[in-house]
Every structure is written in structure tokens, then in C-alpha cells.
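So in the numbering used here, the last spot in the sequence shown is 698, and the numbers never skip.
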Amino acid sequence: MYKVGIGYDVHQLVEGRKLYLGGVEIAHTHGLSGHSDADVLIHAISDALLGALGEPDIGHFFPNTDPRWKDVRSTLLLQEIAGMFRARGARIVNVDSSLIIEEPKIAPHIKAMKQEIANALNVNPQVIGVKATTNEKVGFVGRKEGIAAMAVVSVKFADSSAHG
Ligand code: MG
């Protein structure tokens with residue numbers, strides 16, 4: 535049987551932090567604040583994957599009070615979640631995601647992001663979707679105060695474990 539999952543995340547843009555999106559370090563004047571590397575795209579994808587498994591959100595598994603996850607690259611969290619999929623006999627059919635970001639331009643980095651996400655999940659990059667849109671200068675994204683991301687996933691379960 536198949537299940538879907540949805541994820542959404544926001545992080546604040548601040549000075550003095552590196553910007554990581556989709557596992558890729560991107561040269562920019564600001565980075566995202568957070569306990570880990572604050573990779574908002576990977577966090578949205580992580581929540582979508584956990585949702586498809588019927589599990590709680592990433593804050594449950596990787597709490598920001600735990601020093602183990604301090605400044606950790608979020609691709610590592612994805613690898614942990616990929617392990618949960620293996621344990622359940624669940625296969626990722628596809629991931630689609632959107633960044634809502636005013637700047638910098640994301641198009642030059644999308645191929646590398648797909649590859650990083652695919653590597654962490656051990657899937658073909660062709661099943662990973664990454665898109666980007668601006669917020670047309672409106673709201674907190676438009677004022678460059680933060681970056682948002684959303685994601686959906688489709689997951690195929692091999693056996694009746696999906697029902698329990
Ligand atoms: Mg987050």
C-alpha cells in the first residue's frame with residue numbers, strides 16, 4: 535500500500551551563520567538560525583517522511599535540547615530517517631519540495647541539492663523534486679527575515695506493517 539506525508543518548516547535568517555539548503559552550502563550574506571545547521575528544506579522533507587511512517591515530527595527524534603544534534607548537518611538526520619524506512623520495509627516512491635525564498639537565486643544549486651538529498655536517502659536523484667519560488671516581497675519571506683520550505687512524499691509499504 536501507499537502512504538503520503540507532508541512537511542513544512544521555517545527558519546530565521548541571521549548574520550554570522552552559513553546558509554545550508556538541501557544539504558548544499560550556499561554563499562550568502564546571511565544563514566539560517568537553529569540548533570542544527572537549520573537546513574529548512576531538509577527539515578520539511580524529514581517531517582514529510584516521518585509523517586508517511588506515522589511517526590512524530592523531527593523535533594521529537596532530534597530535539598534542540600540534545601547536544602548530539604548541535605550544529606549537526608541535517609543530511610545526517612535524513613540518513614537516520616532512511617534507516618527507519620529500511621527497518622519498516624518501506625520504499626520512498628518520490629519526494630517533492632518547494633523552497634519559499636526571496637534571495638539568493640536557487641536555480642544554480644538545485645541539481646546539487648537533489649543529489650545530496652538522494653545520497654542521504656539512498657535513492658535515485660530522479661525521484662527527488664526541489665523547486666523554488668519567491669514570496670513576491672510579501673510577508674516575512676518577502677522581507678528576507680526567513681526562509682520557508684514545504685514537502686510531500688509518497689511511500690510504498692511492502693507488507694501489512696503499514697496498517698499497524
Ligand atoms: Mg527546522
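In this text, a Cβ means the ideal position worked out from N, Cα and C, and glycines have one as well.
C-beta atoms of residue i and residue j nearer than 9 Å
i, j, result
"V687", "G539", "yes"
"A654", "L610", "yes"
"V675", "I626", "no"
"T667", "S632", "yes"
"H562", "S608", "no"
"L555", "M647", "yes"
"S580", "L612", "yes"
"K642", "I651", "The sequence given here places Pro at residue 642; Lys does not occur at that position. Not a contact, by the Cβ cut-off of 9 Å."
Cβ neighbour criterion (16 or more within 10 Å) applied to residue i
i, result
"D600", "exposed"
"G623", "exposed"
"V558", "buried"
"V689", "buried"
"A582", "buried"
Cβ neighbours of residue i in the same chain (closer than 7 Å, five flanking residues each side left out)
i, result
"H545", "L566, S567, G568, A572, V574, G680, I681"
"W603", "H569, S570, F596"
"E637", "K678"
"I560", "L553, P638, H643"
Cβ neighbours of residue i in the same chain (closer than 6 Å, five flanking residues each side left out)
i, result
"D630", "G663, V686"
"M684", "Y542, A578, S632"
"N628", "V661, S688"
"L649", "Looking at the sequence shown, residue 649 is not Leu but Gln. Excluding sequence neighbours, Q649 sits near P659."
"K671", "none"
Own chain, CB closer than 8 Å to residue i, minus 5 neighbours either side, in chain order
i, result
"H564", "L547, V548, E549, R551, L553, K678"
Go through the stretch 598-670 residue by residue and report every complete run of the beta strand (DSSP E) that reaches 3 residues or more, in order. 624-634, 662-667
Any 3 or more C-beta pairs closer than 8 Å across the stretch 604-619 and the stretch 586-596: yes
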